[in-house]
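Just so you know, we're using this note's numbering here: the sequence shown kicks off at 2 and counts up by one.
The C-beta atom is built at its ideal place from N, Cα and C for all residues, glycine as well.
For reference, the structure is listed below as structure tokens.
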Amino acid sequence: MNLITTIIAITITLSAVLATVSFWLPQITPDAEKLSPYECGFDPLGSARLPFSLRFFLIAILFLLFDLEIALLLPLPWGDQLATPALTLAWSAAVLALLTLGLIYEWTQGGLEWAE
Numbered sequence: 002m003n004l005i006t007t008i009i010a011i012t013i014t015l016s017a018v019l020a021t022v023s024f025w026l027p028q029i030t031p032d033a034e035k036l037s038p039y040e041c042g043f044d045p046l047g048s049a050r051l052p053f054s055l056r057f058f059l060i061a062i063l064f065l066l067f068d069l070e071i072a073l074l075l076p077l078p079w080g081d082q083l084a085t086p087a088l089t090l091a092w093s094a095a096v097l098a099l100l101t102l103g104l105i106y107e108w109t110q111g112g113l114e115w116a117e
């Protein structure tokens with residue numbers, strides 16, 4: 002077995018064990034203190050379950066998508082890992098086209114309208 006396969010197997014095993022333990026441990030001794038909201042050592046001043054604006058969430062997700070797009074396309078001039086520069090340009094154009102189509106869809110559905 003080569004090094005990469007060993008590292009991937011260890012990573013998957015460790016992730017599965019930690020995920021199982023994280024779901025199993027809190028169920029051992031649940032009590033009211035563990036289930037109550039915690040606010041910097043003080044009792045919460047208001048409700049801990051405030052409603053969250055879905056529009057703000059959509060705008061934040063769009064920001065993260067386009068921020069990730071910039072991070073992925075920024076090293077494009079130095080990324081000549083593919084066989085031809087035309088293929089690199091085609092893949093980057095496909096990513097940009099997909100993101101642009103998603104933005105147009107979100108715009109036509111009214112997801113970018115902040116106030117109605």
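DSSP, read as helix, strand or coil, puts Gln110 in coil. The beta-carbon distance between Leu66 and Leu100, rounded to whole angstroms, is 7 Å. This is short enough to meet the 8 Å contact definition. Look at Phe24 here: in three-state DSSP terms it is helix. With respect to the 8 Å criterion, Ser93 and Leu74 are classified as neighbours on the basis of their beta carbons. Distance from the CA of Gly103 to the CA of Ala95, rounded to the nearest whole angstrom, comes to 12 Å. Beta-carbon to beta-carbon, Trp108 and Arg56 are separated by about 13 Å, too far to satisfy the 8 Å threshold. DSSP places Leu59 inside the alpha helix (DSSP H), whose first and last residues are Leu55 to Leu74.
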